[in-house]
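Residue numbers for the sequence shown, in mature numbering (1 follows the signal peptide of the UniProt record, and there is no 0): -20 to -1, 1 to 169.
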Amino acid sequence: MLKKSAIAAALVMFTTSAFALDGGQLDFAGLVSDNTCVLHVNGGAQDGQITLQTATTTEVNQAGVVQLASPGAKPEAFSITIDCSDDPQGASANLSMGSVFFSNSQGTLNNDLSISQAATGVAIAIHYLTDATTYEQMRVNDSTDVKNLLFTNGKAVYNFKASYVKQAATVNATAGYVKTNAAYTVTYQ
């Protein structure tokens, strides 16, 4: 029995311990694309900020609700360019707009009322210029309103105007700040 105890004691003395630690996490991200087109808002990056001139409440109220073929008060021009000139990808581009938080049934953009001193009764309308003098409302969140444009030398340039309009015919605009947003989606073929 003494022999077994001596063997057991020897085993305990010469046994090594193994310790384990929790491992870390590895996150991998990337993109593989055959897309070589570049998007620009007003000649800059693919995201843009359009700043409208200050409008009076009278100007907004006189502009009324959105009109299909004419912008509202203080229209501000902006453009979105799809540049595929380095590797022409197709013959035409399609553009649509959406907004998760600010779209309304008129196809305009409501003001963000969570900002400090927000104007009420005001919306932003977006109009697409089909040529130098012809306007078409760009209806935000309308899946049927897709503007198609042919590429010229590998580029498609969409010209727009954003303007102030009344949010509803029965509600007058009040003074304050205006802030809203929309996302644009582009496909080409």
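Virtual Cβ for every residue (Gly too), placed ideally from N, Cα, C. Computed from a predicted structure; not experimentally measured.
- Between the beta-carbon of A153 and that of I30 there is about 19 Å, and that puts the pair past the 8 Å contact cut.
- Per DSSP, the unbroken beta strand (DSSP E) holding T165 starts and ends at A163 to Y168.
- It is roughly 9 Å from the alpha-carbon of K135 to the alpha-carbon of A71.
- Of the candidates K146, V158, D122 and T110, T110 places its Cα closest to the Cα of Y138.
- Within the segment 55 to 116, complete beta strand (DSSP E) segments of at least 3 residues are found at 72 to 78 and 102 to 109, given in chain order.
- For a cut-off of 8 Å, the C-beta gap from V120 to S83 is around 5 Å, short enough to register as a contact.
- For V137, the enclosing beta strand (DSSP E) stretches over residues K135 to K146.
- The DSSP-derived three-state label of N128 is strand.
- DSSP lists S50 as the bridge partner or partners of Q47.
- In the three-state scheme derived from DSSP, where H, G and I count as helix and E and B as strand, V151 is classed as strand.
- Between T38 and Q97, the alpha-carbon positions lie close to 18 Å from each other.
- Annotated as distal: A53 and A25, with beta-carbon spacing of 7 Å or more.
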